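S.K.: Numbering (our numbering), first residue to last: 8 to 870. Just dropping this structure here.
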């Protein structure tokens with residue numbers, strides 16, 4: 008009865024969730040293509056095809072995050088966070104499905120974003136309303152049954168704990184009948200002794216009786232049942248087996264005989280078939296994917312150390328059967344000749360140099376995929392141990408051998424929770440038994456996903472972010488999303504102090520006024536969609552929380568400099584080998600990627616102005632580190648000169664001016680100013696010598712007769728006119744393209760544009776004077792905070808001072824460049840700017856007087 012009651016509400020909640028998710032998808036399509044103006048309405052049938060995978064993915068994702076466990080008594084906020092996590096995972100899977108299964112169709116990103124937001128809001132709101140309605144009904148006696156618990160000790164205490172934890176079943180405990188009160192942790196009133204059952208039933212409105220007698224009181228069971236007699240109450244008997252070692256215990260009826268099983272493997276029948284199918288399918292796919300890596304590892308081992316490549320070691324698997332587990336050899340051939348079987352330590356002297364690298368990244372475990380295909384292991388399960396260790400642990404740890412009820416695995420619940428290698432055996436056993444107790448195919452998939460998730464360590468994500476900032480908006484945005492999710496929901500070792508939320512007041516003011524301006528515009532939904540730059544500003548906090556200390560900040564800045572220098576070198580190749588017509592035609596391939604529109608340096612970016620702004624920011628931020636000299640100067644200076652030469656070949660005058668202001672500010676303030684000035688002169692001479700067109704381009708900066716200058720002046724006049732007409736909230740983000748044709752004067756060379764090539768002007772036109780004030784407040788607050796941090800630093804701390812001062816000069820270059828280009832609207836440039844902006848606050852975190860208030864949303868949890 009209780010289980011059926013619980014399942015009814017689970018199924019009801021599932022049906023409601025799926026209905027609202029489907030409604031969110033249809034609604035997102037309608038909002039995007041009916042309320043937001045869009046040419047070429049795509050047929051709804053193409054979007055309706057996604058409904059089936061959406062419902063399957065979201066149902067699985069919600070189930071994986073435990074959203075259908077009826078004992079969810081957390082707050083509405085906690086449930087909302089779980090719904091947001093599950094929906095975010097669903098969106099990532101949906102995008103993957105659309106990318107690989109529907110390559111020929113370009114689905115709207117706005118639809119996906121709207122669907123993500125609407126599904127979270129609708130499902131969260133509906134669940135909150137349903138929960139409050141259920142509570143309201145139960146307070147008035149509806150959907151409520153009254154129960155008494157007959158018994159004491161641990162059985163009665165467990166019943167009371169479960170019923171208190173599960174109000175969803177609608178059972179209210181009136182009290183307890185026991186000869187003595189020995190139910191620890193219970194606050195239920197005692198209604199009488201075991202011989203008073205009949206009198207309590209006569210005077211209380213009882214619907215359910217739970218008989219939870221301790222084992223010593225079983226002789227009195229018949230008397231209790233006789234007292235109940237034929238009273239029409241439901242009776243539930245709770246056996247006293249809590250003191251017994253149980254694994255997946257339960258009750259089963261066979262040929263009318265009820266059996267209580269205490270130890271049961273979850274892998275029988277279809278469960279066993281499905282798990283084996285998962286092992287074979289994913290194991291084969293994984294082996295094919297990692298085969299090249301395994302080949303390289305094997306070759307490296309053969310070349311660097313004597314002895315065999317593979318290491319075979321006897322381990323104990325399912326039901327205590329022994330097998331030979333395969334690993335790449337990471338230690339000397341005679342590693343255990345003197346010591347015998349011992350645990351490997353993190354700094355084990357027996358390891359080879361390559362072996363230490365393989366063990367840190369778990370690459371030595373890859374050959375175990377062959378054990379999986381042979382059926383000796385599974386992808387997921389308790390890690391196998393050597394027989395000698397098993398005998399030792401069996402004596403020390405109660406219930407240790409129960410972990411052998413399933414196949415050993417390459418990864419497991421203990422490993423994704425941080426208990427791997429030479430860690431607490433008790434905690435590992437708890438995790439292993441929890442896995443067996445709660446096994447399901449979804450649980451296996453969850454562990455595999457978490458294994459991959461935690462495999463992308465923070466350093467790997469930061470490397471991907473650096474590469475993305477230097478070359479690919481797709482990679483950078485994807486990495487930022489993964490980093491944000493990893494910081495929000497990942498389990499990380501605690502670090503102190505937390506980074507807090509610097510600049511939060513002006514950032515929040517700018518974001519809030521942007522939304523006000525969007526809602527006040529003539530096309531509010533389109534304007535809201537055009538406000539996505541706010542998310543890019545949020546990358547400031549992601550980078551700030553992802554960099555744990557100043558050393559990581561230094562590596563991040565150095566990595567960004569190296570990556571951008573490589574892209575700069577590539578852009579020089581582009582310009583040097585560009586055909587006379589300035590482009591390469593064709594359908595695709597590497598040649599088109601590199602030499603399409605190659606008259607100006609652009610690297611991997613779609614336009615040259617993006618590369619110019621990115622180069623200017625990174626080169627200026629690197630100048631203070633360059634001026635420090637040191638042994639890295641031999642490669643830093645040539646790399647910096649290559650980047651500066653590429654900046655010249657972008658022919659982007661706004662970026663030149665921003666770079667010049669930032670570089671001169673750095674040159675005048677740094678101690679080795681002669682070195683910096685010499686580098687700047689060398690760059691100028693090289694650019695003018697190698698690219699004579701640069702001189703002509705530079706000469707026209709102040710020439711008002713130049714076509715580009717005339718067009719920019721026309722934009723300035725039009726923008727000022729729009730700002731005067733809409734001083735409070737502006738025209739709204741993304742609305743310039745609709746108004747410019749009507750407002751542009753006759754002197755304008757172009758009759759249509761979406762931006763005014765001037766960041767402050769664009770902001771005041773789109774967001775009004777309050778929006779511009781909030782925008783400027785962000786930079787005032789940043790420069791004040793960065794200057795304060797710089798003054799606080801020890802004069803001898805050259806590395807930290809170089810990071811902070813480089814950030815100050817780079818952001819000054821960004822603002823000056825923004826007077827000539829709308830760099831706030833260039834996502835790649837803004838991402839680099841906010842990443843560099845975060846560095847001073849990472850440096851501040853290490854200062855002794857730093858308060859370390861920490862962040863609430865981004866707090867880390869110790870394992």
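No residue lacks a Cβ here, since even glycine has one placed at the ideal position from N, Cα and C. For clarity, every value in this text was computed on a predicted model and none was experimentally measured.
1) Can residue 626 and residue 610 be called in contact, C-beta distance under 8 angstroms?
2) Along the chain, where does the beta strand (DSSP E) containing residue 323 start, and where does it finish?
3) Got a sec? Which residues, its chain only, sit under 8 angstroms from residue 206 by beta carbon, not counting five neighbours each side?
4) Use the C-beta contact count for residue 361: other C-beta atoms within 10 angstroms, 16 or more gives buried, fewer gives exposed.
5) Pick out the complete alpha helix (DSSP H) segments inside the region 506–567, 4 residues or longer, and give them in chain order.
6) Enumerate in chain order the residues of its own chain whose CB-to-CB distance from residue 242 is below 7 angstroms, with the five nearest sequence positions on each side excluded.
7) Rounded to whole angstroms, what's the CA-CA distance from residue 471 to residue 486? Just pull it up for me.
8) Helix, strand or coil for residue 392, going by three-state DSSP, please let me know.
9) Please state whether DSSP places residue 827 in a helix, a strand or coil.
10) Could you name the residues of the same chain whose beta carbon sits closer than 7 angstroms to that of residue 629, not counting the 5 residues immediately before and after it, in chain order?
11) Roughly how many angstroms lie between the CA atoms of residue 836 and residue 304, to the nearest whole one?
12) Say whether the region 433–441 touches the region 414–421, bearing in mind that this needs 3 or more beta-carbon pairs closer than 8 angstroms, one atom from each stretch.
13) Would you list the residues sitting across from residue 418 in a DSSP beta bridge?
14) If you measure between the beta carbons of residue 772 and residue 763, is that distance less than 8 angstroms?
15) Counting along the chain, where does the beta strand (DSSP E) carrying residue 217 start and finish?
16) If you follow the alpha helix (DSSP H) that residue 616 is in, where does it begin and where does it stop?
17) Below 8 angstroms between beta carbons: does that hold for residue 808 and residue 818?
18) Is the CB-CB distance between residue 514 and residue 554 below 8 angstroms?
19) With a CB to CB cut of under 6 angstroms and the five nearest residues on each side skipped, what residues in its chain are close to residue 864?
20) Which first and last residues belong to the alpha helix (DSSP H) in which residue 441 is found?
21) Quick one, are the C-beta atoms of residue 747 and residue 760 less than 8 angstroms apart?
22) Can you grab the Cα-Cα spacing for the pair residue 840 / residue 831, in whole Å?
23) List in chain order: all unbroken alpha helix (DSSP H) runs of 4+ residues lying wholly within the region 764–840.
24) Pull up the DSSP beta-bridge partners for residue 184, would you.
25) Quick one, which of 247, 213, 88 has its alpha-carbon nearest residue 239's?
26) Report yes if the CB atom of residue 208 is closer than 8 angstroms to the CB atom of residue 157, and no otherwise.
27) Give the straight-line distance between the Cα atoms of residue 18 and residue 225, rounded to the nearest whole angstrom.
28) Do the region 529–540 and the region 737–746 meet, that is, are 3 or more Cβ pairs less than 8 angstroms apart?
29) Give the range of the alpha helix (DSSP H) segment to which residue 745 is assigned.
30) Going straight from the alpha carbon of residue 744 to that of residue 729, what length do you get?
31) Would you mind giving the Cβ-Cβ distance between residue 624 and residue 820, rounded to the nearest angstrom? I have them listed as a contact below 8 angstroms.
32) Looking at residue 670 and residue 608, is the spacing between their C-beta atoms short of 8 angstroms?
33) Straight-line CA distance for residue 325 to residue 431?
34) By how many angstroms is the C-alpha of residue 283 removed from the C-alpha of residue 33?
35) Classify residue 604 as helix, strand or coil using the three-state DSSP reduction.
36) How many Å lie between residue 792 and residue 313 at the Cα?
M.R.: In this structure, then:
1) no
2) 317–323
3) 199
4) buried
5) 511–527, 531–536, 540–553
6) 216, 218, 235
7) 7 angstroms
8) strand
9) coil
10) 568, 647, 813
11) 38 angstroms
12) yes
13) 387
14) yes
15) 215–219
16) 615–634
17) no
18) no
19) Confidence in residue 864 is poor, its pLDDT being 33 and thus under 50, which makes the residue's placement too unreliable to answer from.
20) 432–444
21) yes
22) 9 angstroms
23) 766–799, 805–824
24) 157, 199
25) 213
26) no
27) 38 angstroms
28) yes
29) 743–750
30) 12 angstroms
31) 6 angstroms
32) no
33) 22 angstroms
34) 38 angstroms
35) coil
36) 57 angstroms
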